[in-house]
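Working notes, structure below.
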Amino acid sequence: MIVSHSKKFERQKTEGEGTSASAECRLQSKVMPHQLKQKIFAVIPAYNEEKTISEVVRSTKNYVSNVIVIDDCSTDRTAKLAEESGALVIQHIINRGLGASLSSGIKTALALSADVIVTLDADKQHNPENIPILIEPILGDICDIVIGSRFKSDTKDMPMRKKIGNYLLNKLTQLLYSINCTDTQSGFRALNRKAASLINIKLDRYGVASEIIGEIKKHNLRVLERPIDTIYLDKRKGTTALDGLKIFFDLLLRRFF
Amino acid sequence: MPEILLIHIFGIILLALVTLILFVNIKKKGFDIFTLFVLLAVIFLLAMVLYKQPFYSLSTKLGFLRPFELFLTITSVLALLLAIKLYLAYKTTERDITTIVQHLGIKELKDKNRIKNPNEKD
Numbered sequence: 001m002i003v004s005h006s007k008k009f010e011r012q013k014t015e016g017e018g019t020s021a022s023a024e025c026r027l028q029s030k031v032m033p034h035q036l037k038q039k040i041f042a043v044i045p046a047y048n049e050e051k052t053i054s055e056v057v058r059s060t061k062n063y064v065s066n067v068i069v070i071d072d073c074s075t076d077r078t079a080k081l082a083e084e085s086g087a088l089v090i091q092h093i094i095n096r097g098l099g100a101s102l103s104s105g106i107k108t109a110l111a112l113s114a115d116v117i118v119t120l121d122a123d124k125q126h127n128p129e130n131i132p133i134l135i136e137p138i139l140g141d142i143c144d145i146v147i148g149s150r151f152k153s154d155t156k157d158m159p160m161r162k163k164i165g166n167y168l169l170n171k172l173t174q175l176l177y178s179i180n181c182t183d184t185q186s187g188f189r190a191l192n193r194k195a196a197s198l199i200n201i202k203l204d205r206y207g208v209a210s211e212i213i214g215e216i217k218k219h220n221l222r223v224l225e226r227p228i229d230t231i232y233l234d235k236r237k238g239t240t241a242l243d244g245l246k247i248f249f250d251l252l253l254r255r256f257f
Numbered sequence: 258m259p260e261i262l263l264i265h266i267f268g269i270i271l272l273a274l275v276t277l278i279l280f281v282n283i284k285k286k287g288f289d290i291f292t293l294f295v296l297l298a299v300i301f302l303l304a305m306v307l308y309k310q311p312f313y314s315l316s317t318k319l320g321f322l323r324p325f326e327l328f329l330t331i332t333s334v335l336a337l338l339l340a341i342k343l344y345l346a347y348k349t350t351e352r353d354i355t356t357i358v359q360h361l362g363i364k365e366l367k368d369k370n371r372i373k374n375p376n377e378k379d
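Chains A and B are the protein sequences, given in the same order. Residue 241 in our numbering sits at position 241 of the first sequence, with consecutive numbering throughout. Residue 296 in our numbering sits at position 39 of the second sequence, with consecutive numbering throughout.
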């Protein structure tokens with residue numbers, strides 16, 4: 001049982017083993033979160049993802065207690081399919097972007113007494129099988145937020161355009177917030193209740209990933225990175241160079257105004 | 258009688274217009290720091306048009322060839338600040354729209370699934 005596993009870790013911590021690598025390794029064992037007493041919620045922002053949403057919801061449900069899908073005014077059957085797959089669906093009547101969708105999902109999960117919130121993409125980019133790897137450090141109270149890093153695992157499948165874009169945005173985010181993180185733009189992350197309550201998302205669009213990094217720094221939250229698998233089905237999707245510029249401009253304004 | 262050039266007439270008309278807009282703005286919204294800043298800039302520009310000679314030596318001391326270049330630099334900075342102010346106001350409106358959309362979406366979900374916030378009192 002993971003609950004006893006967490007307690008064991010707590011005991012180890014008080015006995016002085018602390019956050020040693022061996023203790024973390026022990027926590028890497030397979031966890032089935034549905035066996036937990038804690039409420040684990042998955043938050044999945046979606047916009048026109050009818051091809052993948054059902055499969056993503058179904059596979060995510062194996063690892064969490066509830067799935068919340070935020071349909072950001074899709075023009076296809078995303079909301080209907082997500083609901084049929086067993087997710088709670090929040091529907092935005094106007095398209096408000098990734099940041100707004102994440103914020104809606106996190107607010108709802110907190111209102112439903114979530115203990116741990118996992119955010120992931122609806123386009124099958126993230127593998128739900130990695131959820132246990134992300135939530136284990138939080139259940140063991142090693143950290144408040146775990147970021148799934150694409151750059152800590154094999155990146156040979158990542159399109160070059162994305163590699164460059166991510167590298168630049170990583171460097172800019174690190175420059176703005178002086179935080180050492182290999183993948184600041186990752187959308188696959190797990191947060192405990194405290195972190196989810198403290199993080200105030202103000203940016204509606206793609207800048208949200210960097211904004212979360214800024215909030216981590218601001219509230220001095222404990223952060224860890226874990227390697228994740230990434231699948232790139234649509235290699236053209238994602239942020240463009242122009243989006244990158246807009247994100248940087250928004251972050252500058254957010255930082256100084 | 259000093260020689261009046263076309264640029265002086267344009268300058269005076271423009272400054273009078275800006276002053277009028279500022280006056281209406283102050284009457285409507287009150288006096289804030291940004292308005293004060295714009296007002297000072299307007300007075301400065303007006304003085305520059307009326308007292309050409311002292312501004313000529315001032316602009317030379319600041320590294321500009323002519324007062325007109327100093328004028329252009331100041332107005333460019335002012336335009337940039339106004340653009341940022343406008344962008345921030347636009348962002349605030351966007352944020353308000355998002356808040357409404359989120360509120361409606363969450364309310365609809367709660368009503369549909371009869372979910373009650375555990376922190377809410379009856």
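Just so you know, even glycine gets a beta-carbon here, dropped at the ideal spot from N, CA and C.
Sequence-distant residues of the same chain with beta carbon closer than 7 angstroms to residue i, five excluded per side
i, result
"B/H265", "V306"
"A/R96", "D72, D204"
"A/T173", "T184, S210, I213"
"A/Y177", "I213, G214, K217"
"A/S153", "P227, I228, D229"
Coarse secondary structure for residue i, derived from DSSP in three states
i, result
"B/H360", "helix"
"A/A114", "coil"
"A/L224", "strand"
"A/H126", "strand"
"A/P45", "strand"
"A/G148", "strand"
"B/T355", "helix"
"A/N62", "coil"
"A/H5", "Its pLDDT being 39, under 50, A/H5 is placed unreliably in this model, and the coordinates cannot settle the point."
"A/R254", "helix"
"A/Q91", "strand"
"A/T230", "strand"
"A/T335", "Residue 335 of chain A is absent from the structure shown; chain A starts at 1 and stops at 257."
"A/D71", "strand"
Through-space distance from residue j to residue i, alpha-carbon basis
i, j, result
"A/I179", "A/G86", "38 angstroms"
"B/F288", "B/V334", "21 angstroms"
"A/A109", "A/K218", "23 angstroms"
"A/T75", "A/E129", "29 angstroms"
"A/K246", "A/R255", "14 angstroms"
"A/E50", "B/K364", "24 angstroms"
"A/Y63", "A/R77", "24 angstroms"
"A/I40", "A/V67", "9 angstroms"
"B/T332", "B/L319", "16 angstroms"
"A/F248", "B/L345", "15 angstroms"
"B/L339", "A/S65", "49 angstroms"
"A/A111", "B/E326", "58 angstroms"
"B/L271", "B/Y308", "17 angstroms"
"A/I70", "A/K61", "15 angstroms"
"A/L242", "B/L303", "40 angstroms"
"B/D353", "B/L337", "24 angstroms"
"A/S22", "B/T350", "Annotation note: pLDDT 33 at A/S22 (below 50); position unreliable, coordinate value reported separately. For A/S22 and B/T350, the distance between alpha carbons rounds to 50 angstroms."
"B/G362", "A/V43", "14 angstroms"
"A/L253", "A/N48", "30 angstroms"
"A/E289", "A/N170", "Residue 289 of chain A is absent from the structure shown; chain A starts at 1 and stops at 257."
"B/K342", "A/P137", "43 angstroms"
Whole-number beta carbon distance between residue j and residue i, since they are thought to touch under 8 angstroms
i, j, result
"B/R323", "B/S316", "6 angstroms"
"A/I131", "A/C181", "About 20 angstroms separates the two Cβ atoms, so there is no contact after all."
"B/V299", "B/V281", "Not really, about 14 angstroms apart at Cβ, beyond 8 angstroms."
"A/R38", "A/L139", "Sequence check: residue 38 of chain A is Gln here, not Arg. Right, the Cβ-Cβ distance comes to about 7 angstroms (below 8 angstroms), so this counts as a contact."
"A/V57", "A/A79", "Contact flag wrong, Cβ pair sits at about 11 angstroms."
"A/D183", "A/R161", "No, A/D183 and A/R161 are not in contact; Cβ-Cβ is about 16 angstroms, not under 8 angstroms."
"A/I216", "A/V223", "5 angstroms"
"A/I93", "A/G105", "Wrong, their Cβ atoms sit about 16 angstroms apart, outside the cutoff."
"A/L98", "A/P45", "6 angstroms"
"B/T292", "B/I283", "6 angstroms"
Own chain, CB closer than 6 angstroms to residue i, minus 5 neighbours either side, in chain order
i, result
"B/F294", "none"
"A/I133", "R226"
"A/I147", "S186, R189, E225"
"A/L221", "D144, I145, A195"
"A/A100", "D204"
"A/D141", "none"
"A/L191", "I117, I145"
Beta-carbon contacts of residue i that lie in its chain and below 8 angstroms, excluding the five residues immediately before and after
i, result
"B/T330", "F321"
"B/F301", "I331"
"A/T52", "A122, D123, K124, L233"
"A/D157", "T230, I231, Y232"
"B/F267", "none"
### Message
I'd like the ranges of any beta strand (DSSP E) spanning at least 3 consecutive residues and lying wholly in the region 130-217 of chain A.
### Response
145-149, 189-192
### Query
Hey, which unbroken runs of the beta strand (DSSP E) at 3 residues or more fall wholly within the region 262-303 of chain B?
none
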